[in-house]
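Mapping of the sequence shown onto my numbering: residues 2 to 172, in sequence order.
Here a beta-carbon is modelled for each residue, glycine too, at the ideal position from N, C-alpha and C.
Note that this is a predicted model, so its numbers are computed, not measured.
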Amino acid sequence: MDKTIKGLKPLSDDLKIDGSNYRILIVHTRWNSTVVDPLVKGAKETLINEYNVKEENVCIYGIPGAYELPYTAHHLIEAAKRADKPFNAVICIGVLIKGSTAHFEYICEAVTQGIMRVNIDTDTPVIFGVLTCLNEEQALLRAGIGENSHNHAIDWAGTAIEMAKVRSIKE
Ligand code: DLZ
């Protein structure tokens with residue numbers, strides 16, 4: 002079998018969402034920037050070009066590593082609420098690559114649970130844009146680098162917009 006059944010079904014055109022009034026935060030790591038930078042670019046360009054988000058409403062904040070993503074997302078979400086400029090959705094972008102110790106497993110677990118908690122605790126959709134890769138090749142392919150690769154941040158941007166719409170439901 003040469004075709005996978007995995008993947009996100011695109012929204013039909015009649016359900017296409019206009020993001021022109023949305024404010025989206027991208028928090029990203031500087032660890033593994035060769036892979037993280039194209040992911041951030043892919044997310045930003047998709048938000049602007051596919052969903053009409055205004056460039057000035059895509060806020061980008063860089064931090065050291067994936068372990069810092071949940072705290073930063075939580076803090077910036079709450080700060081924006083206090084400033085009366087809440088984010089409609091947040092995308093956390095990072096890349097963890099397995100090394101020779103148990104560090105990878107601990108960080109993956111902490112970051113996954115942490116990002117889920119930020120969703121619930123802040124009532125803001127926080128998209129899990131964290132690649133957890135067994136080697137560098139897997140990371141490159143998921144950042145759109147190389148033959149038969151796909152930049153997963155394109156999907157994360159679409160998910161952020163869809164979830165921003167969910168967040169706007171009032172009753
Ligand atoms: C220390 C570390 C290691 C070994 N690997 C990664 C990685 O692959 N991806 C990543 O985003 N961060 C890594 N870090 C840094 C930790 O996430 C964190 O920044 C430090 O432990 C300080 O809290």
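Quick check: is any heavy atom of the ligand DLZ less than 6 Å from the C-beta of Trp32?
Trp32: yes, Cβ under 6 Å from the ligand DLZ.
Exposed or buried, which one is Asn152 when buried takes at least 16 other CB atoms within 10 Å?
The residue is buried, with at least 16 neighbouring Cβ atoms inside 10 Å.
Can you check the stretch 83 to 109 for any alpha helix (DSSP H) of at least 4 residues that lies completely inside it and give the ranges in chain order?
Whole alpha helix (DSSP H) segments, 4+ residues: zero.
In whole angstroms, what separates the C-alpha of Tyr23 from that of Gly145?
Each residue's alpha carbon lies about 26 Å from the other.
Please report the residue range of the alpha helix (DSSP H) in which Val37 lies.
Val37 -> alpha helix (DSSP H) spans 34 to 52.
Taking only the alpha-carbon atoms, compute the straight-line gap between Asn89 and Thr5 and give it to the nearest angstrom.
For Asn89 and Thr5, the distance between alpha carbons rounds to 32 Å.
If you measure between the beta carbons of Ala74 and Val41, is that distance less than 7 Å?
Not closer than 7 Å, so no.
Once you ignore the five residues that flank Tyr62 on each side, which residues in its own chain have a CB closer than 8 Å to its CB?
Correct list, in chain order: Leu26, Ile27, Val28, His29, Thr73, Leu77.
Could you check how far apart the C-beta atoms of Ile116 and Phe129 are, in whole angstroms? I think they sit under 8 Å.
Right, their Cβ atoms sit about 5 Å apart.
Classify Ile18 as helix, strand or coil using the three-state DSSP reduction.
Coil at Ile18, not helix or strand.
Please report the distance separating the alpha-carbon of Asn149 from that of Val54.
In a straight line, the C-alpha of Asn149 is about 28 Å away from that of Val54.
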